[in-house]
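S.K.: This is the structure I want to talk about, given as structure tokens.
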Amino acid sequence: MEALRAGDSEAALTDVLQRNGVTSAGKAGELAGAVRRYQALFAGQSDTEILSGGFACGGNEPAV
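Per this note's numbering: the sequence shown = residues 1099 to 1162.
What follows is the structure in structure tokens.
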């Protein structure tokens, strides 16, 4: 799968998802919105911090 980059617009994310097998445009848009919310939540944090659960929301996964 292509990488999703932090600076990608929601439209660009939707396009990447569709090229990688998400066939429903509505579902791709919904997933792109979720990716953008996660990117905003984790902005400025390292991969290690995110994967270890030591991120800003106290280790709880955000609702999508």
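Backbone N, C-alpha and C define an ideal beta-carbon position, used for all residues, glycine too. Everything numeric in this text was worked out from a predicted model, so none of it was measured.
1) Taking just the CA atoms, how far does Ser1150 sit from Ala1123?
2) For Leu1115 and Leu1129, which I take to be in contact (beta-carbon distance under 8 Å), what is that distance rounded to the nearest angstrom?
3) Whole angstroms is fine: what's the gap from Gly1142's alpha carbon to Gly1127's?
4) Work out the CA separation of Thr1121 and Phe1153 for me, nearest whole Å.
M.R.: Concretely, from the data shown:
1) Position 25 of the sequence shown, counted from the start, is the residue given in the question as residue 1123. Position 52 of the sequence shown, counted from the start, is the residue given in the question as residue 1150. In this structure, the CA atom of Ala1123 is about 33 Å from the CA atom of Ser1150.
2) The count along the sequence shown starts at 1 and reaches residue 1115 at position 17. The count along the sequence shown starts at 1 and reaches residue 1129 at position 31. The beta carbons of Leu1115 and Leu1129 sit about 5 Å from each other, so the pair counts as a contact at 8 Å.
3) Position 44 of the sequence shown holds residue 1142. Position 29 of the sequence shown holds residue 1127. Just so you know, the alpha carbons of Gly1142 and Gly1127 end up roughly 24 Å apart.
4) Position 55 of the sequence shown, counted from the first residue, corresponds to residue 1153. Position 23 of the sequence shown, counted from the first residue, corresponds to residue 1121. With a pLDDT of 48 at Phe1153, under the threshold of 50, the modelled position of this residue cannot be trusted, and the question is left open.
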